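Data block below; observations after.
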Amino acid sequence: MRKNIFIILITVLFVNCKQSTTAQLQTSASDIADIMNFLASDDLGGRDTGSEGLEKAAHFIEEEFKKYKVAPYFETYRDVFDVKGIETYNVVGFLKGTDKELAKEVIVLGAHFDHIGSGKEVNGDVIANGANDNAAGSSAVISLAKQFAQLKNNKRSILFVLFGAEERGLLGSEHLAKVLKEKKVDLYAMVNFEMIGVPLNDKSYKAYITGFDKSNMAEKINEYAGSELIGYLAKAKEFQLFMRSDNYPFYKQFNVPCQTISTFDFTNYNYYHHVDDEVSEMNFEFMADLINSCIPVITKMANTPQKEIKLN
Ligand SMILES: [Zn+2]
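Note that the sequence shown covers residues 113 to 424 in this note's numbering.
Written out as structure tokens, the structure reads:
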């Protein structure tokens, strides 16, 4: 009897231990809430280029990177550039690949963390909090950095980039793409996250990708995910979204697959560049689920012996 209890105890301990390891390597809705509640708070004033709020956001992201031992890619986490006399920056974290050869190949995971500052007044509110656009995408990149820093299973290197001055015309991504090109970085692919805070309605897939027919990225993502994670959205093509976010400067510089994952389809969210783009409108459960679905996908991207994602 005693012996049995002992065995049961050991089994329970082992199972619990296993569960807590897996649980740790998942992003929870409350993890997302913590990031979103900070980045899209009124205190950050809409994260405009050159603002104190953007500085606070950058500092927060740097602290997250430090906490999880995501290294600065440059001398510091900041990649500084100029926007018409205003000094601003991208925040860039780096996880070196674990394989000597494959580590030379780089995957960029990105999202812009700046926003427009203020907007047209509604009920006395002028702060454009930019919760969906794009604290949401930023929370994905921060969470993925945290997960991969703990997993330590990326043979290829990964850059985690929070872009500045996207709202001023994709200026942060343009700057960094140029710098990486000059450094002759071997870019495998770039995956950008934009407006993933609200689920799509009546779609079989969880998110769409811009530039769907430019590469086999969607097909490979679904293969790696083992489910229909990514689909084709006709509106994305109609509005040429492929050219309207930070993936585009990378595509222009490197001519490799660089695409944006989004769930904003022009019908499921009324607050694009609106002061009501607030945290209260976000679906944290959905976001966490989407981000967690990306973990096996990026793991596979970072580990296949050959570059499997290619332009068509
Ligand atoms: Zn945006």
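Where a beta carbon is used, it is the ideal one built from N, C-alpha and C, also for glycine.
Note that the coordinates shown come from a computational prediction; the quantities given were computed from them, not determined experimentally.
Between the CA atoms of residue j and residue i - distance to the nearest angstrom
{"i": "Leu207", "j": "Leu274", "result": "15 Å"}
{"i": "Ile198", "j": "Gly162", "result": "6 Å"}
{"i": "Asn241", "j": "Val253", "result": "18 Å"}
{"i": "Ile144", "j": "Ile407", "result": "15 Å"}
{"i": "Ala337", "j": "Lys318", "result": "12 Å"}
{"i": "Phe376", "j": "Ser339", "result": "20 Å"}
{"i": "Lys347", "j": "Asn313", "result": "14 Å"}
{"i": "Pro417", "j": "Ala330", "result": "19 Å"}
{"i": "Gly222", "j": "Lys315", "result": "25 Å"}
{"i": "Lys216", "j": "Phe354", "result": "27 Å"}
{"i": "Met148", "j": "Lys419", "result": "34 Å"}
{"i": "Val220", "j": "Ser269", "result": "9 Å"}
{"i": "Tyr381", "j": "Val291", "result": "35 Å"}
{"i": "Leu214", "j": "Lys422", "result": "17 Å"}
{"i": "Val409", "j": "Lys232", "result": "40 Å"}
{"i": "Ile228", "j": "Lys295", "result": "31 Å"}
{"i": "Glu278", "j": "Leu137", "result": "30 Å"}
{"i": "Asn328", "j": "Gln352", "result": "18 Å"}
{"i": "Tyr300", "j": "Pro311", "result": "29 Å"}
{"i": "Val368", "j": "Gly323", "result": "12 Å"}
{"i": "Lys349", "j": "Arg280", "result": "22 Å"}
{"i": "Asn304", "j": "Val234", "result": "31 Å"}
{"i": "His385", "j": "Glu187", "result": "34 Å"}
{"i": "Asp146", "j": "Gln259", "result": "16 Å"}
{"i": "Phe172", "j": "Thr379", "result": "32 Å"}
{"i": "Asp401", "j": "Lys168", "result": "27 Å"}
{"i": "Lys196", "j": "Ser255", "result": "32 Å"}
Pair within 8 Å by beta-carbon distance, residue i and residue j
{"i": "Ile63", "j": "Ile308", "result": "Shown here, the chain extends from 113 to 424; a query on residue 63 therefore has no answer."}
{"i": "Met399", "j": "Ala243", "result": "no"}
{"i": "Asn424", "j": "Asp325", "result": "yes"}
{"i": "Asn415", "j": "Lys267", "result": "yes"}
{"i": "Ser251", "j": "Ile239", "result": "no"}
{"i": "Gly276", "j": "Asp226", "result": "yes"}
{"i": "Tyr189", "j": "Glu176", "result": "no"}
{"i": "Ile403", "j": "Thr200", "result": "no"}
Own chain residues within Cβ distance below 6 Å of residue i, not counting five before or after
{"i": "Glu306", "result": "Asn246, Gly249, Ser357, Thr372, Ser374"}
{"i": "Lys178", "result": "none"}
{"i": "Gly165", "result": "Leu156, Gly157, Arg159"}
{"i": "Glu397", "result": "Ala141"}
{"i": "Thr133", "result": "Only weak support is given to the placement of Thr133: the predicted model assigns it a pLDDT of 45, under 50, and the question is left unresolved by the model."}
{"i": "Ala170", "result": "Val203"}
{"i": "Ala257", "result": "Val182, Gly205, Phe272"}
{"i": "Leu288", "result": "Asp191, Asn202"}
{"i": "His224", "result": "Asn246, Phe275, Glu278, Asp358"}
{"i": "Gln131", "result": "Any answer about Gln131 is weak, because its pLDDT of 46 lies below 50 and its placement is not dependable; what the coordinates show is given next. Taken in chain order, the list of residues that qualify is empty."}
Proximal residues to residue i (C-beta, below 8 Å), its chain only, five neighbours per side dropped
{"i": "Lys73", "result": "The requested residue 73 is not part of the displayed model; the chain covers only 113 to 424."}
{"i": "Tyr185", "result": "Asp191, Val204, Gly205, Phe206, Leu271"}
{"i": "Asp237", "result": "Val387, Asp388"}
{"i": "Tyr383", "result": "Asn244, Asp389, Glu390, Glu393"}
Contacts around residue i, its chain only, beta-carbon distance under 7 Å, and the 5 residues preceding and following it disregarded
{"i": "Lys264", "result": "Thr210"}
{"i": "Ala261", "result": "Tyr180, Lys181, Val182, Leu207"}
{"i": "Val297", "result": "Val218"}
{"i": "Lys71", "result": "The structure shown does not extend to residue 71, since the chain is modelled only from 113 through 424, so no value can be given for it."}
{"i": "Lys412", "result": "Tyr336"}
{"i": "Met302", "result": "Val220, Gly222, Asn359, Phe362, Cys370"}
{"i": "Ser405", "result": "Lys318, Ala337, Leu341"}
{"i": "Asn334", "result": "Glu340, Leu341, Ile342"}
{"i": "Leu345", "result": "Tyr320, Asp377"}
Checklist line | At least three beta-carbon pairs within less than 8 Å, the segment 384-396 to the segment 145-157 | finding: Cβ pair count under 8 Å is three or more, so yes.
Next item on the list: Would you be able to state if there are at least three C-beta pairs under 8 Å between the segment 281-300 and the segment 345-361?
Entry: Short answer: they touch.
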